[in-house]
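Working notes, structure below.
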Amino acid sequence: MVREISRLSEPTIALVKLCRKKMIDIASESGIIRTNITNALAGDRGLPDDKVERLQAAVGMVAGRLDTQQIHYWRVGYDLEYFITAIKAFFPDGAIIAGLWTKGISYFDLDRAIEGLNYIIYDEQTMVIVQRSSPGTFAIGAKPITPETVEGLRWHGGKVGADTMITLPKEVMKSIKAVNYQELDYLRQLIGAEMIVGWDQVIDLLRSQYKQPHKAFEAVKRWLDS
């Protein structure tokens with residue numbers, strides 16, 4: 067049986083480039099030779115569809131979307147190209163962005179100077195922790211990550227400022243910087259973004275409960291009138 071060979075899509079390339087995992091770990095988790103991944107990212111070759119799916123899974127992509135059951139970790143350097151592509155692909159309805167800060171740390175500290183800035187980007191179902199590298203943060207000519215430079219983003223609290231940043235306990239920020247924090251519920255409670263049921267899930271539920279569309283409509287109407 068001949069397997070289908072596909073070129074990597076732009077969102078897949080962007081996600082691999084942004085992912086905080088090392089390439090050797092992505093190769094190990096996906097079961098794909100590292101050089102084959104590198105060549106596929108460069109557009110020099112395609113990959114069998116089953117390997118594309120494994121590569122996507124290794125960087126948190128399931129069925130064309132970001133896995134909603136995990137916190138994703140991205141690193142953005144000087145160029146925003148891959149980041150812009152990923153936001154457009156995985157947050158088609160837009161997303162909220164907020165700066166992350168460590169409780170008790172002054173505005174200028176050594177970690178910030180070395181590592182750059184940290185952000186949280188989220189919608190009702192998906193959450194991403196973004197680290198902006200020091201060159202991306204401080205280099206002359208580097209564009210900042212803002213709603214003005216990245217279409218689809220809007221500030222947490224409706225504005226940018228110290229009072230709308232998300233302040234985290236030191237131990238939580240330490241774990242986030244180590245790329246091993248996965249307490250989704252805690253972060254959602256902290257930012258006031260509780261997980262909600264998506265419209266697709268509502269439709270699936272209505273289909274399972276009501277065999278006839280007009281019955282489902284009547285149920286929704288009763289809810290709206292209540």
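Going by this note's numbering, the final residue of the sequence shown carries number 292, and the count climbs one at a time with no gaps. Cβ coordinates follow ideal geometry from the N, Cα and C atoms, glycine included. Remember, it's a predicted structure, so these values are computed and weren't measured experimentally.
Tell me which residues share the same chain as residue i and place their Cβ nearer than 7 Å to its Cβ, disregarding the 5 neighbours each side in the sequence.
i             : result
glycine 218   : Ile153, Lys154, Phe157, Gly160, Ala161
threonine 151 : Glu76, Pro77, Ala80
valine 245    : Arg86, Tyr139
Using a threshold of 9 Å, state whether the C-beta atoms of residue i and residue j are closer than that.
i             : j              : result
threonine 192 : methionine 127 : no
methionine 89 : threonine 168  : no
leucine 113   : serine 72      : yes
valine 142    : isoleucine 211 : yes
According to the neighbour-count rule (16 or more other Cβ atoms, all chains shown, within 10 Å of its Cβ), is residue i buried or exposed?
i             : result
histidine 138 : buried
tyrosine 247  : buried
glycine 258   : exposed
glutamine 122 : buried
serine 96     : buried
serine 274    : exposed
aspartate 251 : exposed
valine 194    : buried
Hey, could you find the ends of the beta strand (DSSP E) residue i is sitting in?
i              : result
threonine 104  : Run containing threonine 104: none in the beta strand (DSSP E); it sits in the alpha helix (DSSP H), 100 to 107.
isoleucine 162 : 161 to 168
isoleucine 186 : 183 to 188
arginine 73    : Looking at the DSSP string, arginine 73 is not in any beta strand (DSSP E), and its letter there is neither H nor E.
threonine 233  : 232 to 234
Could you give the residue range of the alpha helix (DSSP H) that holds residue i?
i              : result
aspartate 78   : Here residue 78 is threonine; the residue named in the question, aspartate, does not match the sequence. Segment 76 to 84, the alpha helix (DSSP H) holding threonine 78.
isoleucine 211 : Where isoleucine 211 is concerned, there is no enclosing alpha helix (DSSP H), given that its DSSP letter is neither H nor E.
alanine 93     : 89 to 96
Could you pull out every residue in the same chain whose Cβ sits closer than 6 Å to the Cβ of residue i, ignoring the five residues on either side in sequence?
i             : result
aspartate 133 : Gly126
threonine 215 : Lys209
aspartate 293 : Nothing in the structure corresponds to residue 293, since the chain is present only between 67 and 292.
Go ahead and pull the three-state DSSP assignment for residue i.
i              : result
valine 125     : coil
tyrosine 276   : coil
isoleucine 262 : For isoleucine 262, the predicted structure reports a pLDDT of 41, less than 50, and the residue's modelled location is therefore unreliable. A value from the coordinates is still provided. Isoleucine 262 falls in the coil class under three-state DSSP.
proline 114    : strand
aspartate 145  : coil
arginine 131   : strand
glutamine 197  : strand
tyrosine 247   : coil
serine 172     : With a pLDDT of only 48 at serine 172, under the threshold of 50, the placement of this residue in the model should not be trusted; the figure read from the coordinates follows. Correct three-state label for serine 172: coil.
So, at 8 Å on beta carbons, what are the nonlocal neighbours of residue i in its own chain, with the 5 sequence-adjacent residues on each side left out?
i           : result
glycine 224 : Thr230
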